[in-house]
Amino acid sequence: MTYQIDHLVISAGDLEQGRDWAETLLGVEFGPRGEHQDMGTENRLVAMTRPDGEKAYLEVIAPDPKAQRPDFPRWFDLDNFGGPPKLTNWVVSCPDLEEAWELAPANVGRIMSFQRGDYAWRMIVPETGILPFDNCFPALIEWHSAHPVPKLPDPGLRFRRLKIAHPDAEGLRAVLAPFVSAMENVRIVQAQTPAMTAEIGTDSGEIWIA
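So the sequence shown is numbered by the UniProt record's numbering: it starts at 1 and just counts up by one.
Rendered as C-alpha coordinates:
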(Lines of atoms letter the chains of each structure in order from A and count residues from 1; the text may use other names and numbers.)
(Lines give C-alpha, C1' and ligand atoms only; values in the text may rest on other atoms or scores of the structure.)
Protein backbone atom coordinates (compact mmCIF):
# COMPACT_ATOMS: atom_id res chain seq x y z
CA MET A 1 0.00 0.00 0.00
CA THR A 2 1.24 3.49 -0.85
CA TYR A 3 1.31 6.13 1.87
CA GLN A 4 2.22 9.78 1.27
CA ILE A 5 2.66 12.91 3.36
CA ASP A 6 -0.64 14.76 3.01
CA HIS A 7 0.10 17.84 5.10
CA LEU A 8 2.06 19.33 7.98
CA VAL A 9 0.35 20.92 10.98
CA ILE A 10 1.33 24.17 12.71
CA SER A 11 -0.57 24.48 16.00
CA ALA A 12 -1.44 27.79 17.62
CA GLY A 13 -3.47 29.04 20.56
CA ASP A 14 -5.03 31.67 18.29
CA LEU A 15 -5.57 31.17 14.55
CA GLU A 16 -4.67 34.67 13.41
CA GLN A 17 -1.55 34.69 15.56
CA GLY A 18 -0.56 31.37 13.99
CA ARG A 19 -1.27 32.63 10.49
CA ASP A 20 0.75 35.81 11.04
CA TRP A 21 3.67 33.79 12.40
CA ALA A 22 3.69 31.35 9.49
CA GLU A 23 3.17 34.01 6.81
CA THR A 24 6.00 36.14 8.19
CA LEU A 25 8.35 33.16 8.42
CA LEU A 26 7.61 31.85 4.93
CA GLY A 27 6.81 35.09 3.11
CA VAL A 28 3.49 33.78 1.74
CA GLU A 29 -0.24 34.23 2.30
CA PHE A 30 -2.46 31.43 3.58
CA GLY A 31 -6.00 30.83 2.37
CA PRO A 32 -9.27 31.86 4.02
CA ARG A 33 -10.43 30.57 7.37
CA GLY A 34 -12.02 27.15 7.59
CA GLU A 35 -13.64 25.41 10.53
CA HIS A 36 -14.18 21.91 11.91
CA GLN A 37 -17.44 22.01 13.86
CA ASP A 38 -17.10 18.47 15.24
CA MET A 39 -13.69 19.31 16.71
CA GLY A 40 -14.22 22.94 17.67
CA THR A 41 -11.19 24.06 15.67
CA GLU A 42 -10.45 26.48 12.83
CA ASN A 43 -7.67 26.56 10.26
CA ARG A 44 -5.95 28.18 7.31
CA LEU A 45 -4.13 26.32 4.53
CA VAL A 46 -1.51 26.89 1.84
CA ALA A 47 -0.29 24.49 -0.85
CA MET A 48 3.23 23.12 -1.12
CA THR A 49 4.93 20.68 -3.48
CA ARG A 50 6.49 17.42 -2.29
CA PRO A 51 9.84 16.21 -3.69
CA ASP A 52 7.96 13.73 -5.90
CA GLY A 53 6.20 16.65 -7.60
CA GLU A 54 2.81 15.93 -6.04
CA LYS A 55 0.95 18.53 -4.00
CA ALA A 56 0.55 18.63 -0.24
CA TYR A 57 -0.20 21.52 2.09
CA LEU A 58 0.63 23.34 5.30
CA GLU A 59 -2.12 23.83 7.87
CA VAL A 60 -2.29 26.36 10.68
CA ILE A 61 -4.86 25.15 13.23
CA ALA A 62 -6.17 26.46 16.54
CA PRO A 63 -9.16 26.06 18.89
CA ASP A 64 -12.16 28.01 17.63
CA PRO A 65 -13.24 30.35 20.44
CA LYS A 66 -16.71 30.68 18.89
CA ALA A 67 -17.34 26.95 18.64
CA GLN A 68 -18.74 24.61 21.23
CA ARG A 69 -15.98 22.58 22.81
CA PRO A 70 -16.42 18.87 22.05
CA ASP A 71 -16.97 16.44 24.91
CA PHE A 72 -13.74 14.65 23.99
CA PRO A 73 -10.16 15.94 23.50
CA ARG A 74 -9.53 17.92 20.33
CA TRP A 75 -7.13 16.48 17.76
CA PHE A 76 -3.43 17.41 17.78
CA ASP A 77 -3.63 17.89 21.58
CA LEU A 78 -4.90 21.43 21.01
CA ASP A 79 -6.65 21.51 24.40
CA ASN A 80 -3.22 21.55 26.04
CA PHE A 81 -1.40 23.78 23.56
CA GLY A 82 0.42 26.80 24.93
CA GLY A 83 3.15 29.21 23.89
CA PRO A 84 3.99 30.51 20.41
CA PRO A 85 2.90 28.72 17.22
CA LYS A 86 4.99 25.71 16.23
CA LEU A 87 5.10 22.66 14.00
CA THR A 88 3.45 19.85 15.96
CA ASN A 89 2.22 17.11 13.64
CA TRP A 90 2.39 15.45 10.26
CA VAL A 91 -0.47 13.76 8.43
CA VAL A 92 -0.15 10.78 6.08
CA SER A 93 -2.76 9.90 3.45
CA CYS A 94 -3.97 6.29 3.22
CA PRO A 95 -5.88 4.50 0.45
CA ASP A 96 -7.38 2.10 3.02
CA LEU A 97 -7.77 3.56 6.51
CA GLU A 98 -8.90 0.29 8.12
CA GLU A 99 -5.76 -1.45 6.92
CA ALA A 100 -3.62 1.47 8.11
CA TRP A 101 -5.36 1.32 11.50
CA GLU A 102 -4.43 -2.37 11.79
CA LEU A 103 -0.78 -1.55 11.05
CA ALA A 104 -0.58 1.41 13.43
CA PRO A 105 0.21 1.28 17.17
CA ALA A 106 -2.63 0.07 19.38
CA ASN A 107 -3.20 3.50 20.96
CA VAL A 108 -3.44 5.39 17.66
CA GLY A 109 -7.15 6.17 18.18
CA ARG A 110 -10.48 5.62 16.47
CA ILE A 111 -11.66 6.25 12.92
CA MET A 112 -13.92 9.30 12.61
CA SER A 113 -15.72 10.78 9.58
CA PHE A 114 -15.75 14.48 8.75
CA GLN A 115 -17.31 16.74 6.14
CA ARG A 116 -16.89 20.44 5.40
CA GLY A 117 -18.57 21.85 2.33
CA ASP A 118 -17.47 19.81 -0.68
CA TYR A 119 -14.76 17.97 1.26
CA ALA A 120 -15.19 14.65 3.03
CA TRP A 121 -12.58 12.56 4.77
CA ARG A 122 -11.97 10.02 7.48
CA MET A 123 -9.20 10.30 10.01
CA ILE A 124 -7.83 8.33 12.94
CA VAL A 125 -8.20 10.54 16.00
CA PRO A 126 -6.61 9.57 19.34
CA GLU A 127 -9.03 9.39 22.27
CA THR A 128 -6.58 11.39 24.39
CA GLY A 129 -5.89 13.94 21.65
CA ILE A 130 -2.24 12.80 21.66
CA LEU A 131 -0.88 10.56 18.92
CA PRO A 132 1.59 7.78 19.79
CA PHE A 133 5.18 8.67 20.57
CA ASP A 134 4.29 12.10 21.94
CA ASN A 135 2.54 13.18 18.71
CA CYS A 136 5.54 12.11 16.59
CA PHE A 137 3.56 9.28 14.96
CA PRO A 138 1.54 10.72 12.05
CA ALA A 139 -2.18 11.29 11.93
CA LEU A 140 -3.66 9.02 9.25
CA ILE A 141 -6.23 10.38 6.78
CA GLU A 142 -8.31 8.96 3.92
CA TRP A 143 -9.98 11.42 1.55
CA HIS A 144 -13.49 10.63 0.32
CA SER A 145 -13.77 13.67 -1.94
CA ALA A 146 -11.56 15.80 -4.13
CA HIS A 147 -8.43 16.95 -2.31
CA PRO A 148 -8.46 20.61 -1.17
CA VAL A 149 -5.05 21.43 -2.68
CA PRO A 150 -6.25 22.55 -6.17
CA LYS A 151 -8.27 25.36 -4.56
CA LEU A 152 -5.54 26.53 -2.18
CA PRO A 153 -3.14 29.45 -2.67
CA ASP A 154 0.01 28.05 -4.29
CA PRO A 155 2.93 30.45 -3.74
CA GLY A 156 5.53 27.89 -4.76
CA LEU A 157 6.45 26.39 -1.38
CA ARG A 158 8.49 23.21 -1.67
CA PHE A 159 8.58 20.59 1.07
CA ARG A 160 12.16 19.33 1.38
CA ARG A 161 12.36 17.14 4.46
CA LEU A 162 10.95 16.45 7.91
CA LYS A 163 13.16 15.71 10.91
CA ILE A 164 11.57 14.09 13.96
CA ALA A 165 13.46 13.80 17.24
CA HIS A 166 12.40 11.42 20.00
CA PRO A 167 13.93 9.71 23.05
CA ASP A 168 12.84 6.33 21.63
CA ALA A 169 13.92 6.87 18.05
CA GLU A 170 14.38 3.14 17.46
CA GLY A 171 10.85 2.38 18.66
CA LEU A 172 9.41 5.16 16.50
CA ARG A 173 11.23 3.81 13.43
CA ALA A 174 9.79 0.36 14.16
CA VAL A 175 6.15 1.50 14.28
CA LEU A 176 6.68 3.58 11.12
CA ALA A 177 8.11 0.63 9.17
CA PRO A 178 4.74 -0.34 7.59
CA PHE A 179 4.43 3.24 6.30
CA VAL A 180 7.85 3.30 4.64
CA SER A 181 6.53 4.78 1.38
CA ALA A 182 5.83 8.04 3.27
CA MET A 183 9.30 8.07 4.84
CA GLU A 184 11.59 8.96 1.93
CA ASN A 185 12.02 12.54 3.12
CA VAL A 186 11.55 11.87 6.83
CA ARG A 187 14.46 11.42 9.23
CA ILE A 188 14.10 10.05 12.77
CA VAL A 189 16.83 11.07 15.23
CA GLN A 190 17.59 10.35 18.88
CA ALA A 191 17.02 13.22 21.32
CA GLN A 192 16.05 13.77 24.92
CA THR A 193 12.95 15.78 24.03
CA PRO A 194 10.39 15.09 21.27
CA ALA A 195 10.58 17.72 18.52
CA MET A 196 9.70 18.21 14.88
CA THR A 197 11.26 20.45 12.23
CA ALA A 198 10.57 20.78 8.51
CA GLU A 199 12.65 22.33 5.75
CA ILE A 200 10.55 24.30 3.26
CA GLY A 201 11.88 25.85 0.09
CA THR A 202 10.64 29.39 -0.60
CA ASP A 203 11.40 32.07 -3.19
CA SER A 204 13.75 33.67 -0.67
CA GLY A 205 15.58 30.47 0.31
CA GLU A 206 15.29 27.43 2.53
CA ILE A 207 13.33 27.92 5.78
CA TRP A 208 13.17 25.57 8.75
CA ILE A 209 9.84 25.44 10.59
CA ALA A 210 9.99 24.19 14.19
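Each residue gets a CB set at the ideal place from its N, CA and C atoms; glycine is no exception.
{"Check": "Residue 5 vs residue 101 beta-carbon contact at 9 Å", "Outcome": "no"}
{"Check": "Whether residue 114 touches residue 7 by CB criterion (9 Å)", "Outcome": "no"}
{"Check": "Closest residue to residue 12 among 1, 26, 41, 139 (Cα-Cα distance)", "Outcome": "41"}
{"Check": "Residue 140 - partner residues in DSSP beta bridges", "Outcome": "92"}
{"Check": "The region 147-166 in contact with the region 194-201 per 3-pair CB rule at 8 Å", "Outcome": "yes"}
{"Check": "Closest by C-alpha distance to residue 21, when choosing among 125, 167, 61, 144", "Outcome": "61"}
{"Check": "Residue 24 versus residue 188: straight-line alpha-carbon distance, rounded", "Outcome": "28 Å"}
{"Check": "Nonlocal neighbours in the same chain, by C-beta distance under 7 Å from residue 48, ignoring five residues either side", "Outcome": "56, 57, 58, 157, 158, 159, 200"}
{"Check": "Which listed residue (172, 190, 192, 191) has its alpha carbon closest to that of residue 183", "Outcome": "172"}
{"Check": "CB contact flag (residue 94, residue 164, <9 Å)", "Outcome": "no"}
{"Check": "Bounding residues of the beta strand (DSSP E) (the contiguous stretch that carries residue 4)", "Outcome": "4-11"}
{"Check": "Beta-carbon proximity of residue 107 to residue 128, cut-off 9 Å", "Outcome": "yes"}
{"Check": "Selected residue, minimal CA-CA separation from residue 118, among 74, 150, 112", "Outcome": "150"}
{"Check": "Assigned secondary structure, residue 117 (DSSP; H/G/I helix, E/B strand, else coil)", "Outcome": "coil"}
{"Check": "Member of 43, 162, 170, 17 whose CA lies at the smallest distance from the CA of residue 148", "Outcome": "43"}
{"Check": "Beta-carbon contacts of residue 103 that lie in its chain and below 6 Å, excluding the five residues immediately before and after", "Outcome": "178"}
{"Check": "Per DSSP, cross-strand counterpart(s) of residue 159", "Outcome": "200"}
{"Check": "Classification of residue 180 by the beta-carbon crowding that lies within 10 angstroms, buried from 16 upward", "Outcome": "exposed"}
{"Check": "Length of the line joining the Cα atoms of residue 1 and residue 32", "Outcome": "33 Å"}
{"Check": "Range of the contiguous beta strand (DSSP E) that encloses residue 208", "Outcome": "205-209"}
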